[in-house]
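Everything below concerns the one structure shown next.
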Amino acid sequence: MEQILELKHIHYAYHNMDGETPALTDISFAINEGEFIAIVGPSGCGKSTLLSLIAGLLEPEKGLIKISGKYLRESTTNIGYMLQHDQLFEWRTIYNNVILGLEVQHMLTTKAKAKAHELLADYGLKQFENAKPSELSGGMRQRAALVRTLVLEPDILLLDEPFSALDYQTRLNVSDDIGQIIRREKKTAILVTHDLSEAISLADRVIILSKRPASIQQTLPLIFDLEKDTPLNRRNTPEFKNYFNLIWKELNEND
1 MEQILELKHI HYAYHNMDGE TPALTDISFA INEGEFIAIV GPSGCGKSTL LSLIAGLLEP
61 EKGLIKISGK YLRESTTNIG YMLQHDQLFE WRTIYNNVIL GLEVQHMLTT KAKAKAHELL
121 ADYGLKQFEN AKPSELSGGM RQRAALVRTL VLEPDILLLD EPFSALDYQT RLNVSDDIGQ
181 IIRREKKTAI LVTHDLSEAI SLADRVIILS KRPASIQQTL PLIFDLEKDT PLNRRNTPEF
241 KNYFNLIWKE LNEND
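Sequential numbering from 1 applies to the sequence shown in the UniProt record's numbering.
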């Protein structure tokens with residue numbers, strides 16, 4: 001697999017009238033195409049800030065970010081960003097929400113429209129194309145939000161706690177569903193989450209951050225002996241409990 005993303009010695013601080021607050025210090029890691037990475041750490045340590053840097057919404061104060069071998073500002077790689085809330089517009093139908101990004105980027109071709117219909121059908125939303133978001137369950141809304149992101153054909157998916165607004169049972173089902181969709185679409189993904197079980201069930205590797213200013217405390221590869229590797233199947237393995245305890249211990253030692 002080819003390397004798609006590289007961060008080298010990233011530093012970032014927030015500035016205000018009282019001075020600066022260091023957020024990230026000396027963050028370095030790389031991700032290969034098709035890999036699913038989860039980032040965990042104490043609340044407020046800078047996990048979402050890290051995603052904003054990768055997305056190009058913020059500039060690092062030191063260090064560099066490369067995508068497909070090019071500096072972030074020079075890269076033509078398409079990055080998709082899925083937030084905590086689905087951000088669906090209530091006055092637009094599900095189909096019209098899905099194609100919104102295509103409209104904004106002037107990419108609404110016949111081929112793109114067909115892709116939108118195809119993805120909605122593939123992921124159980126075809127019969128709801130003309131429904132309004134208020135007519136869908138929370139889980140279905142999140143699937144629609146993912147389809148809206150996938151239709152833009154991103155090379156990298158950034159997931160900022162996309163299931164946190166859902167109740168626990170729905171969260172389990174939707175994370176399993178979306179995890180399998182991302183694998184099926186062979187997307188590179190980076191998930192930020194407070195939920196250790198979610199991280200372990202979805203990712204190939206977990207990056208554990210320290211408290212602010214965050215540095216990488218440990219990177220843990222996840223290996224499961226499963227005939228069918230799905231998020232829900234992982235939760236029923238002995239490895240799952242072992243990984244949970246390892247990550248929990250790392251986070252507690254950092255307090």
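Backbone N, C-alpha and C define an ideal beta-carbon position, used for all residues, glycine too.
Top-ranked residue by Cα proximity to residue i, from the options
| i | options | result |
| --- | --- | --- |
| A13 | G44, T237, S52, E61 | E61 |
| Y95 | L72, L83, V151 | V151 |
| D229 | A214, R212, G179, Q169 | G179 |
| P42 | N173, G139, R235, I216 | I216 |
| E74 | Y81, M82, G80, L64 | L64 |
| K241 | R184, E35, E198 | E198 |
| M1 | P22, A38, T188 | T188 |
| T21 | A214, R148, L222, L226 | A214 |
| N78 | L232, P231, L158, V40 | L158 |
Whole-angstrom C-beta distance between residue j and residue i, which should lie under 8 angstroms
| i | j | result |
| --- | --- | --- |
| L120 | K126 | 5 angstroms |
| I54 | I190 | 7 angstroms |
| H11 | T25 | 6 angstroms |
| V192 | L51 | 6 angstroms |
| L146 | M82 | 6 angstroms |
| P154 | G80 | 3 angstroms |
| A131 | T93 | 7 angstroms |
Check whether residue i and residue j have beta carbons under 7 angstroms apart
| i | j | result |
| --- | --- | --- |
| E250 | I208 | yes |
| E90 | S28 | no |
| I156 | L196 | no |
| Q84 | A203 | no |
| G46 | R205 | no |
| Y168 | R143 | no |
| F224 | R234 | yes |
| R141 | L88 | yes |
| I31 | L57 | no |
| S68 | D160 | no |
| V104 | R148 | no |
| L232 | D176 | yes |
| G34 | K186 | yes |
Three-state class that DSSP yields for residue i in the structure shown
| i | result |
| --- | --- |
| M140 | helix |
| V206 | strand |
| E198 | helix |
| I4 | strand |
| L222 | coil |
| L51 | helix |
| E20 | strand |
| I247 | helix |
| N233 | helix |
| Q217 | strand |
Cβ-heavy atom distance, residue i to the ligand SAH, below 6 angstroms
| i | result |
| --- | --- |
| Y14 | The ligand SAH is absent from the structure shown, which contains no ligand whatsoever. |
Any beta strand (DSSP E) of 3 or more consecutive residues that is wholly inside the segment 109 to 177
156 to 160
Pick out the complete alpha helix (DSSP H) segments inside the segment 32 to 100, 4 residues or longer, and give them in chain order.
47 to 55, 94 to 98
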